[in-house]
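To keep things clear, I will list the structure first and then write my remarks on it.
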Amino acid sequence: MENTDYKIYKVKILDIKDEFKNVKTYTLEKPEGLTWQEGSSFHLAIPGFNDKGELNKKLIHHLSINTLSDEDTVNFTTKFSIRKSDFKKALLEKKVGDYLEFFKIKCHMKLRRENKKIVLLSMGIGLSTMRPLINKFKKDPSGIAELVSINVARKDNHLFESEISTVDDKIFRQIWVDSRANFFEILRKMDVKDSIFYVVGSNEFLLDNIVILRELGVSDKDIMIDLNDKKRASMFMAASKHVFL
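Under the working numbering, think of the first position of the sequence shown as 9, with each following residue one higher.
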């Protein structure tokens, strides 16, 4: 795959979809020849972010790509809170036909095909990171004993629900829970033997999951989080001192 670390792609916005309140999915054109692995993320930037010869980090945001290469578009889903960053304010002003830029495509969440069960643990729009994993599994389930996805979200905020419901339920289960308390109750009762866990959510959510998975006997190498090696090590070190409330 092409090394995209420092190449900047300028792409047109093809569509903006309101998923539910304050959550939008953006569809961008796919640069010719560009490929990426499932579970990849990128740095998305507002044009002008490097006009002065250095990066304006206030106009850059790290996001998951929630499409596969063969879907022929680059999609991402993001939430707009009441207190918006400079990046989110600028993004919200963009319309279909406007341009965005992205660079540094990385992948820390590729499916591991080790004949084990894979469990996807996410909170809210963290499911956006899981979508390409689910769709890749749907296309090719080889080397994966079973795929289970558990997402914390209100009933009216089930992201990609209609699409996910089409996956073969003999080898895939999607579990929706409406509270973190119910989520962790399910997790504590789960048989974790021969399982690999992928976790996406807030830092607090990551830390809570690492603590509980360790208590259940899951080794750190079988807990996948969307961070580079240095940040991953820091997160796992922080989990050693974290108290689950």
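Virtual Cβ for every residue (Gly too), placed ideally from N, Cα, C.
Residues that DSSP places opposite residue i in a beta bridge
i    : result
S49  : S72 and K114
T33  : K25 and T85
K163 : Paired residues: none, contrary to the question.
R181 : V156
L108 : V19
S93  : S93 pairs with nothing; no bridge assigned.
V207 : L129 and I233
Nearest candidate by alpha-carbon position, reference residue i, set the options
i    : options                   : result
E27  : H166, I126, A241 and V185 : H166
K118 : L99, L141 and K97         : L141
F171 : V185, L195 and M138       : The displayed chain sequence assigns Glu, not Phe, to residue 171. Checked all of V185, L195 and M138; the closest Cα to E171 is M138.
R188 : A161, V200, V207 and R181 : A161
I194 : S203, I204, D202 and I183 : I183
L1   : L22, W44 and E46          : In the structure displayed, the chain extends from 9 to 253; residue 1 sits before or after that span and is not available.
I113 : A53, N64 and K229         : A53
A98  : L235, G56 and T81         : G56
G41  : A247, N236, S77 and K18   : S77
L224 : L235, S210, K25 and D202  : D202
E109 : N236, L221, V208 and K38  : K38
Y14  : I220, V104 and F111       : F111
V207 : Q45, L135, N64 and S49    : L135
F180 : K146, S150 and N159       : K146
V104 : K25, S49, D177 and D80    : K25
S150 : T174, N236, R120 and D177 : R120
C115 : T75, V251 and N236        : N236
G209 : D164, F191 and V226       : F191
D186 : D164, S248 and D106       : D164
R222 : A241, V200 and D234       : V200
N123 : Y107, D148 and L100       : D148
W44  : K20, E79, K197 and I220   : E79
Extent of the continuous alpha helix (DSSP H) to which residue i belongs
i    : result
A153 : Here A153 belongs to no alpha helix (DSSP H); instead the beta strand (DSSP E) covers I152 to V160.
F252 : Premise fails: F252 is in no alpha helix (DSSP H) and is neither H nor E.
S136 : L135 to K147
S170 : E169 to I172
F191 : R188 to R196
Start and end residues, beta strand (DSSP E) containing residue i
i    : result
I231 : I231 to I233
K124 : K124 to M131
V219 : That residue, V219, is in no beta strand (DSSP E); its alpha helix (DSSP H) goes N211 to E223.
- prompt: Are the region 151-164 and the region 215-229 in contact at 8 Å, needing three or more beta carbon pairs?
  reply: no
message: Tell me whether the region 121-134 and the region 60-69 touch, counting them as touching only if at least three CB pairs, one residue from each stretch, are closer than 8 Å.
response: no
message: Counting beta carbon pairs with one atom in the region 65-73 and one in the region 93-113, are three or more of them shorter than 8 Å?
response: Contact between the region 93-113 and the region 65-73 is established, with three or more Cβ pairs separated by less than 8 Å.
- prompt: Using 8 Å as the Cβ pair cut-off and three pairs as the minimum, do the region 27-36 and the region 77-90 touch?
  reply: yes
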